[in-house]
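In this note's numbering, the protein residues as written are 272 to 611.
Built from N, CA and C at the ideal position, the CB exists for glycine as well.
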Ligand code: NCD
């Protein structure tokens, strides 16, 4: 790889709002960049000066453990400054609007806003209002593009090329932004997808998704290279959609017995947070086929790649760091890295 990333498009600024923004080539470019950052993350001091002087703010209007920590870790490992905003402890509770809140944050000189919100479309709206790069870290049930990128990275790491692989996505598809972004990414990389769920947990427009659909997990598992499990997102369900959790587990849960019946090479994935005993058997997370910890670790490398892809080549930065030069740069004094 050249190590030099593409110039930013148009107005000199890019956003990551949905997987469709990237296309297949964009996804491959970010996964290649993530390989370089994965190497950085194996070092004794996993830090490079690539985004020194840049500020990344996380605006989380919805709960998050891993996505938020992952972005903050990624930004710090690139030497960016970080600022953090939590809905609960902000002036939102005093009636301030989303637009005024966001503009207040960016008026502090923020280069990139990482946003999570319960409403679909908030990230797109912020990208129109703000003079900063916007990354969608989950908007309602719409999209979660960095989760799809880290999942593709993990599949590629375990199984090689995604083209021709068959991914079974099981569980609450209707309320899942993870499923929407992952299906889009897998299709752009020529992977095959079957959604496995009861009819009440399938999105109304699923016929237009261009994927297989089944309500019988045991018919799908033997053909699966990847089994991707989704939590029941009850915070987004407006009415009772299932007879009982026990019945859901029996019909759709990946029990240890089902996991043992998978092909030897097959992997089991989950974006977290997981509910043991519901979508995933209690013992399955510890089985060798599961990639849950790898997904979390890869999330940091992939988000470093996304931040660098968005911010690393902007006009005004003293030097556009070459990611291949990062190992040497890390050892060098700051003035040398910045080009003088
Ligand atoms: C997911 C999310 O928030 O959409 N989690 C995550 O980002 N790792 C999935 C979920 O909440 O079930």
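Inter-residue CB distance, residue 301 and residue 459 (contact presumed, cutoff 8 Å)
Wrong, their Cβ atoms sit about 12 Å apart, outside the cutoff.
Tell me whether residue 446 is buried or exposed, calling it buried when 16 or more other Cβ atoms sit within 10 Å of its Cβ.
buried
Is DSSP giving residue 482 helix, strand or coil here?
coil
If I measure Cβ to Cβ from residue 542 and keep anything under 6 Å in the same chain, skipping five residues before and after, which residues do I get?
418, 449
Straight-line CA distance for residue 490 to residue 523?
Computed Cα separation, rounded: 11 Å.
With DSSP run on the structure shown, which of helix, strand or coil describes residue 561?
Note: residue 561 maps to strand in three-state DSSP.
Between the C-alpha atoms of residue 611 and residue 557, what's the straight-line distance to the nearest angstrom?
Note on residue 611: pLDDT 24, under 50, position unreliable in the model; no value is reported.
Using the DSSP secondary-structure output, state which residues sit across from residue 386 in a beta bridge.
330, 407
Along the chain, which unbroken stretches of the beta strand (DSSP E) at least 3 residues long are found entirely within the region 482-559?
483-485, 497-500, 538-540
Return the Cβ separation of residue 554 and residue 527 in integer angstroms, given the expectation that the two are a contact with Cβ distance under 8 Å.
5 Å
Using only the heavy atoms of ligand 1, determine whether one of them is closer than 7 Å to the beta carbon of residue 385.
no
Using CA coordinates, which residue listed in 327, 311, 500, 399 is at the minimum distance from residue 569?
311
Counting pairs of beta carbons, one from the region 305-319 and one from the region 344-356, are three or more of them closer than 8 Å?
Verdict: yes, contact present.
Chain-order list of residues whose beta-carbon lies under 7 Å from that of residue 504 (same chain, five-residue window excluded):
443, 446, 447
Assigned secondary structure, residue 288 (DSSP; H/G/I helix, E/B strand, else coil):
coil
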